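So the sequence shown is numbered by full-length UniProt numbering: it starts at 1 and just counts up by one. Shown next, in structure tokens, is the structure this report addresses.
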Amino acid sequence: MAVKAQVLYDFTAEPGNNELTVQEGEILTLTNQSIGSGWVEARNSRGNVGLVPEDYIEVKTILIISFVFAINGNEAWTATTWSNNNPANNLNHAEQEPAGNNGSVYSFDEEWDDDSDDGKSTGGYGGSQAEEGGTMQRGGAHSTMKLSLNKFPGFSKTPNPEVYLLTKHISKGDDRLPIYMGEVGPVWLYPQIQLDCVVADPKKGSKMYGLKSYIEYQITPNTTNRPVNHRYKHFDWLYERLVEKFACALPIPCLPDKQVTGRFEEEFIKMRMERLQGWMSRMCRHPVISNSDVFQLFLNYRDEKEWKLGKRKAEKDEIVGVKIFSNIDPELPELDPAQVEQKYEMYSQFTRSMDNSVKELLAVGHLHWKRCTGPLQKEYRQIGKAFQNLSSVFNTSAYPREYTLKEALTATGKTYEEIAEIVAGQPKKDLHFLMETNHEYKGLLGCFPDTIAVHKAAIDKVKEADHLVVMNKISQQDKLIMEKNLSTMSYALQAEMNHFHSNRIYDYNRLVQFYLEEQVKFYETIAEKLKKALGQYTTM
Numbered sequence: 001m002a003v004k005a006q007v008l009y010d011f012t013a014e015p016g017n018n019e020l021t022v023q024e025g026e027i028l029t030l031t032n033q034s035i036g037s038g039w040v041e042a043r044n045s046r047g048n049v050g051l052v053p054e055d056y057i058e059v060k061t062i063l064i065i066s067f068v069f070a071i072n073g074n075e076a077w078t079a080t081t082w083s084n085n086n087p088a089n090n091l092n093h094a095e096q097e098p099a100g101n102n103g104s105v106y107s108f109d110e111e112w113d114d115d116s117d118d119g120k121s122t123g124g125y126g127g128s129q130a131e132e133g134g135t136m137q138r139g140g141a142h143s144t145m146k147l148s149l150n151k152f153p154g155f156s157k158t159p160n161p162e163v164y165l166l167t168k169h170i171s172k173g174d175d176r177l178p179i180y181m182g183e184v185g186p187v188w189l190y191p192q193i194q195l196d197c198v199v200a201d202p203k204k205g206s207k208m209y210g211l212k213s214y215i216e217y218q219i220t221p222n223t224t225n226r227p228v229n230h231r232y233k234h235f236d237w238l239y240e241r242l243v244e245k246f247a248c249a250l251p252i253p254c255l256p257d258k259q260v261t262g263r264f265e266e267e268f269i270k271m272r273m274e275r276l277q278g279w280m281s282r283m284c285r286h287p288v289i290s291n292s293d294v295f296q297l298f299l300n301y302r303d304e305k306e307w308k309l310g311k312r313k314a315e316k317d318e319i320v321g322v323k324i325f326s327n328i329d330p331e332l333p334e335l336d337p338a339q340v341e342q343k344y345e346m347y348s349q350f351t352r353s354m355d356n357s358v359k360e361l362l363a364v365g366h367l368h369w370k371r372c373t374g375p376l377q378k379e380y381r382q383i384g385k386a387f388q389n390l391s392s393v394f395n396t397s398a399y400p401r402e403y404t405l406k407e408a409l410t411a412t413g414k415t416y417e418e419i420a421e422i423v424a425g426q427p428k429k430d431l432h433f434l435m436e437t438n439h440e441y442k443g444l445l446g447c448f449p450d451t452i453a454v455h456k457a458a459i460d461k462v463k464e465a466d467h468l469v470v471m472n473k474i475s476q477q478d479k480l481i482m483e484k485n486l487s488t489m490s491y492a493l494q495a496e497m498n499h500f501h502s503n504r505i506y507d508y509n510r511l512v513q514f515y516l517e518e519q520v521k522f523y524e525t526i527a528e529k530l531k532k533a534l535g536q537y538t539t540m
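Below, the structure is given as structure tokens:
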């Protein structure tokens, strides 16, 4: 039976991402619910197929109500609900394992394989999200089950800040995440040697006699210089684990988008590798994430046994969601709740403003790229053609002193044709990197509202503490514990924002410098060509 879904919000597809533009109220047929990372594949009424954010749709289900009448005539009844097309009822929980270190695929990879890296089968990651997000609404013969809107899977285990706020915590051992007072304020403890890695050497592999194909990337950390091999789905597994464990305290940017078609085209593989490199580099630069057990496992596992044990340990980790704050240990004085709220408001406003600016720069950059490869290129070609046509006309005059001017006009025309190609190719040399970095920051900034919302919820809970004490629902000691824990959460947010600002200043300083250097080279190249063309003319 085909699974239908109704569109909740308008969504405009981005070119080149195999997305599907949909409108509110439109009915779609879901063709693949196992894409993962918050996407599903759907077909509209016109037969177009593409990716749609799962948060933007509601899956239609049917309530089947059976009435049970007592024999004695009393009309007692019960109602039972089935959801025949609920993806949570048909999950393939086969476990997923990565490729080995020698470029081949270990046999344990078979335990959790699917048809492709981008989720063309019924297995994969989509199941856990559907399980946690599904709620039935009674009240009629038909109902809907909303796909998961929960961006933090850990919330299913730790539903609200109270889980942390009302508990005494003592961080010990390797799990402790210290925060110190640095020159710019509270900061995480940074490692002496900065972790980094290189994502390279993509290779196409296949199994089951070629029925299943995938691309495998080689990741080499600078700490060991020993490569490990991973497919896109392994990155996806890592992302899910990081979100589950850290997303309440740290914004975890999404992986590069899923791709339903064209996954094995050279240009796409190159683009994906570049974006995976950017994602991994950003994770490596974070002192908390880079030092986490799951991230170290991803980069450094040595054999099948070590991977399987580490994977199961990561998936059974109970310190997830807001519980991650229990590991944070700021060696700093406790903050007043009013100070906490002030910091929250400041960070919330800054991230919203920067998000708008980044989106504006992306929109302008996208428009400029289109102009360079479209109208501007065409205009320069037309100018070049016009000069050469003029030269051809002058050549028919039979005037004896025409030759030098004719040759100069022809050279000018060819120069403008060359400039047309330079203009069209320039975005790949400079604007590309500006756009890619801004795409990264767009994804990162998109995570902040959810992360900051955790702090807002905690602030609201602490504000209620005095009332709860009066109502004898909590003790005065509980209130003090809540304020202390809120202070810890605030220090974590401050440390994270200081990390973000440090990276932001470094990234944009380096990025804009590179962009301007390339622009200078671009205009110097054009100027040199124009000077050369100018030299063809005789001074009179």
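Cβ atoms here follow ideal geometry from the backbone N, Cα and C, with glycine treated the same way. Model, not experiment: these values are computed from the prediction.
Where does residue i fall in DSSP's three states?
i, result
"Asn509", "helix"
"Leu28", "strand"
"Gly38", "coil"
"Leu255", "coil"
"Gln194", "coil"
"Glu274", "helix"
"Tyr537", "coil"
"Leu51", "strand"
"Arg371", "helix"
"Glu19", "strand"
"Arg46", "coil"
"Ala141", "Legend: pLDDT at Ala141 = 34, less than 50; position of this residue unreliable, value from coordinates given subsequently. The answer is coil: DSSP assigns Ala141 none of H, G, I, E or B."
"Gly73", "Because the pLDDT of Gly73 is 41, which lies under 50, any placement of that residue in the model is unreliable, and the number read from its coordinates should be weighed accordingly. Looking at Gly73 - three-state DSSP - the assignment turns out to be coil, as it is neither helix nor strand."
"Ser104", "Low confidence applies here, because Ser104 scores a pLDDT of 36, under 50, leaving its location unreliable and the question unanswered by this model."
With DSSP as the reference, identify every bridge partner of residue i, one or two as the case may be.
i, result
"His230", "Tyr217"
"Gln6", "Ile27, Glu58"
"Ala200", "Gln218"
"Trp188", "Ile179"
"Gly205", "Tyr214"
"Phe11", "Val22"
What does a CB cutoff of less than 7 Å around residue i pick up in its chain, not counting 5 residues either side in sequence?
i, result
"Thr178", "According to the sequence displayed, residue 178 carries Pro and not Thr. If we look at Pro178 and ignore the five residues flanking it on each side, its Cβ neighbours are Leu189, Asp329, Glu331."
"Ile269", "Pro202, Ile215"
"Gln218", "Ala200, Asp201, Pro227, Asn229"
"Asp174", "none"
"Ala13", "Glu19, Leu20, Thr21, Gly50"
"Leu299", "Cys197, Ile219, Pro221, Val228"
"Thr31", "Glu41, Ala42, Arg43, Val49"
"Lys484", "Glu334"
"Asn327", "Ser171, Asp175, Arg176, Leu177, Ile319"
Which same chain residues end up closer than 8 Å to residue i when comparing Cβ atoms and leaving out the 5 residues on each side of it in sequence?
i, result
"Gln476", "Val469"
"Glu24", "Val7, Leu8, Tyr9, Asp10"
"Phe246", "Ile252, Val288, Ile289, Ser292, Ile324"
"Asp460", "none"
For residue i, collect the residues of the same chain with a Cβ closer than 6 Å to its Cβ; drop the 5 residues on either side in sequence, then sort them by chain order.
i, result
"Thr415", "Lys529, Ala533"
"Ser391", "Lys406, Leu409, Thr410"
"Leu335", "Ser487, Ser490"
"Leu297", "Gly310"
"Asn395", "Lys406"
"Ala314", "Arg241, Val294"
"His439", "none"
"Leu376", "Val423"
**Q.** Touch test, the segment 187-195 against the segment 268-288, Cβ-Cβ under 8 Å, three pairs minimum
**A.** yes
Q. Contact between the segment 425-436 and the segment 347-366: three or more CB pairs below 8 Å?
A. Cβ pair count under 8 Å is three or more, so yes.
(Q) Three or more C-beta pairs under 8 Å: does that hold for the segment 451-462 against the segment 341-351? (A) yes
Q. In the segment 392-434, which residue ranges form an unbroken alpha helix (DSSP H) of at least 4 residues, counting only runs that do not cross its ends?
A. 403-429
Q | Segments assigned beta strand (DSSP E), at least 3 residues, entirely inside the segment 278-336 | A | 328-330
Q: Would you check if the segment 407-426 and the segment 527-538 touch, i.e. whether three or more CB-CB distances between them fall below 8 Å?
A: Enough Cβ pairs lie closer than 8 Å, so yes.
Q.
Could you check whether the segment 382-394 touches the segment 499-506, counting it as contact only if at least three pairs of C-beta atoms, one from each stretch, sit closer than 8 Å?
A. no
Q) Touch check for the segment 439-451 and the segment 238-257: three-plus C-beta pairs under 8 Å? A) yes
Q: Give a yes or no on contact between the segment 517-528 and the segment 274-283, applying the rule of three or more CB pairs nearer than 8 Å.
A: no
Q. Given 8 Å as the limit, is there contact between the segment 309-325 and the segment 159-168, that is, 3 or more CB pairs closer than that?
A. In short, these stretches touch, since the Cβ pair count reaches three.
Q | Runs of beta strand (DSSP E) lying entirely within the segment 342-386, each at least 3 residues, in chain order | A | none
Q: Run through the segment 459-537 for me and flag every whole beta strand (DSSP E) of 3 or more residues, listed as ranges in chain order.
A: none
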